[in-house]
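Worksheet: one structure, shown below.
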Amino acid sequence: MRTMLGRLRHRGSSYDEIWSSPSVALGANRLEIVDPAGGRQPVSNESETLFAVFNGEIYNHRELSRLLTGRGHRIRSKCDSEILVHAFEEWGSGMCDHLRGMFAFALYDARHDRILLARDPAGVKPLYVGYGHDNSFFAASEAKALVGFATSADLLAPGHLHDGSQPVAYHPPQETMRYHSFGEAAAHLRELLNEAVTLRLPEDLPFAVFLSSGIDSSLILALAARARPDVIAITFGLPDSPEVRDAKQFCQCLGVRHEVVELPFQALVARYEEVIRHLESFEPNLVRASLITHALCERARQLGVRVALAGEGADEQFAGYEDFRHLPEEELDRVLQAFFDDLHRTQLLRWDKIAMAHMVEVRTPFMDRRVVDFARSVPPSFKLSRPSGKATPLAKAILAEAAKDLLPESIRLRAKIAMDDGVTAGGARQWNRLLSAHFASCPLPPLPETICVQFAITNKEELVNLSLMLRYLPPEFISTSRITVRKTPI
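Encoded structure:
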């Protein structure tokens, strides 16, 4: 257990906290955010028959604490992790239906000598599981922790439980929403997003919003600044790029502190291997975006920030990509669902692993359970509006309507900005040209052809990335299921 925790020490400053019995060991490296003094892990109930370790945040933990206390539970701390053992006492494996947040946890019931693992419905927090040669069971937040102990490492699917033998889906109740008009729906979305942002604000810690000057992150910043004017906005790019200028101007309007992260190309490329080691993926679009995420989170940590908000998930739910504009309405929901289902192993994984490498917790209001239910309830025409007399549909139309009077028109109605479009003054073209030149100059890694076939390698960049990844993970730990939805949202 100490070896596993040592490999994940970057995920928490309070580390090597272990509880064990003859049949199970639980350990945690805790990033102290909620109730630092009272939230040590593993946490137990008062009779010490239930024990849990947990990564994430339960945003409704105060509400659950009041409810459970009213039903006779003795809750000793203000920390969300303690809620888990009492929620299990009250609802058993149905406890996840009551949790609103991002989470991956392991809970041990000593009375029945059984383990229960769970991952949140959207898969914001990762959880890997695997078996040893003697059929022993292992789980951790990152695959690297299982090397040498398990024979493989598989991501537990979002919205699933695992009892050490097999995964089982759980189905939290969905909120069905019906609206008489586009305007009514947009007003409700505004309320839901305001609630989602407010729930994710830390009480007494400095925090940041990663700002691109696109509608998603700008709306989050505007809502966050209303509740916490001391928010810091952090943008990556060169000072003379249009996106950075727009972000700076918007922050000035809000009266918000704005930090610009500017790194030369070679400084980014120098982090390539470190990024792949933390990301545990060789997919080019994820690795490229992770270089920028790494720089953003590094600056956040330098500023003393432990919690940051990001606009992840809006494009996949509200049709933000350029490609979506050409889809017929009857196809849009199906394609959006495919993008959304991939998030847990693509962009959400990127934010979690790269941010936690800097001991920064990234929270994503667009992945809030109620916002997700809303997006599934509204018709495609609310997401892709086709104004009469205009050839080009308006992407994320309902989000633009919800942002009225909060954002300037230049941001509210702007076309999608990809993560790398704001990297340099020349935009994505220059960034990609520099990266292509870098890979052209790299020596060809001597990987066996069988490996290239196994992982469906199609170009030199994938080959270089995979060779770096194999320095830290054996082939059995790397998914051969390639990412087919290859976009880089922000």
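Sequential numbering of the sequence shown, starting at 1, is according to the numbering used here.
All residues carry an ideal CB built from backbone N, CA and C; glycine is no exception.
Beta-carbon gap between residue i and residue j smaller than 8 angstroms
i	j	result
residue 301	residue 258	no
residue 158	residue 438	no
residue 51	residue 108	yes
residue 61	residue 83	yes
residue 246	residue 213	yes
residue 493	residue 120	The displayed coordinates of the chain run from 1 to 490. Any statement about residue 493 would go beyond what the structure contains.
residue 68	residue 86	yes
residue 106	residue 115	yes
residue 41	residue 81	yes
residue 231	residue 238	no
residue 383	residue 319	yes
residue 226	residue 363	no
residue 308	residue 210	yes
residue 79	residue 170	no
residue 45	residue 17	no
residue 117	residue 161	yes
residue 354	residue 275	yes
residue 113	residue 23	yes
residue 288	residue 435	yes
residue 451	residue 342	no
residue 381	residue 329	yes
residue 147	residue 474	yes
residue 462	residue 284	yes
Sequence-distant residues of the same chain with beta carbon closer than 7 angstroms to residue i, five excluded per side
i	result
residue 223	193, 194, 197
residue 111	49
residue 8	29, 140, 141, 142, 145
residue 186	398, 401, 402
residue 11	29, 31, 141, 356
residue 175	370, 373
residue 464	439, 442, 445
residue 327	335
residue 426	Low confidence applies here, because residue 426 scores a pLDDT of 41, under 50, leaving its location unreliable; read the following figure in that light. Taken in chain order, the list of residues that qualify is empty.
residue 423	Residue placement at residue 423 is flagged as unreliable, the pLDDT there being 44, under the threshold of 50; a coordinate-derived value is accordingly withheld.
residue 273	468
residue 480	454, 455
residue 333	380
residue 410	246
Within-8 angstroms CB hit, residue i to chain E
i	result
residue 218	This model lacks chain E altogether; it includes just one protein chain.
Bridge partners - residue i, DSSP secondary structure assignment
i	result
residue 14	30
residue 254	Paired residues: none, contrary to the question.
residue 131	137
residue 154	129
residue 210	234
residue 19	26
residue 261	236
residue 44	51
residue 58	101
residue 147	150
residue 361	307
residue 385	394
residue 162	117, 167
Close Cβ partners of residue i (< 8 angstroms) along its chain, the five nearest in sequence each way excluded
i	result
residue 299	234, 259, 261
residue 151	130, 131, 132, 133, 476
residue 20	1, 26
residue 351	293, 310, 312, 362, 364
residue 360	297, 300, 301, 305, 306, 307, 308
Close Cβ partners of residue i (< 6 angstroms) along its chain, the five nearest in sequence each way excluded
i	result
residue 489	Unreliable positioning characterises residue 489 in this predicted model, as indicated by a pLDDT of 35, which lies under 50. A coordinate reading is not provided.
residue 263	295
residue 251	233, 258
residue 59	100, 101, 199
Stretch-stretch touch, CB-based, cutoff 8 angstroms, three pairs: the segment 302-311 with the segment 462-472: Counting Cβ pairs under 8 angstroms, fewer than three are found: no touch.
Three-pair Cβ contact test at 8 angstroms for the segment 392-400 versus the segment 120-137: Touching, no.
Sufficient close CB pairs (3 or more, under 8 angstroms) joining the segment 273-285 to the segment 308-321: Remark: fewer than three beta-carbon pairs, one from each stretch, lie closer than 8 angstroms, so the segment 273-285 and the segment 308-321 are not flagged as touching.
Three CB pairs or more closer than 8 angstroms across the segment 170-181 and the segment 376-388: The segment 170-181 vs the segment 376-388: in contact.
At least 3 beta-carbon pairs within less than 8 angstroms: the segment 212-222 vs the segment 405-413: They touch, by the three-pair rule.
Entirely enclosed beta strand (DSSP E) segments - the segment 184-229, minimum 3 residues: With a minimum length of 3 residues, the unbroken runs of beta strand (DSSP E) contained wholly in the segment 184-229 fall at 207-210.
Uninterrupted alpha helix (DSSP H) stretches inside the segment 79-126 (no shorter than 4 residues): You should have 80-91.
Whole runs of the alpha helix (DSSP H) within the segment 281-346, excluding any shorter than 4 residues: Those alpha helix (DSSP H) runs which fall completely within the segment 281-346 and span 4+ residues are 284-302, 314-318, 329-342.
Start-end ranges of the alpha helix (DSSP H) lying completely within the segment 422-470, minimum 4 residues: If we require 4 residues or more, the alpha helix (DSSP H) runs fully inside the segment 422-470 come out as 428-441, 449-454, 460-469.
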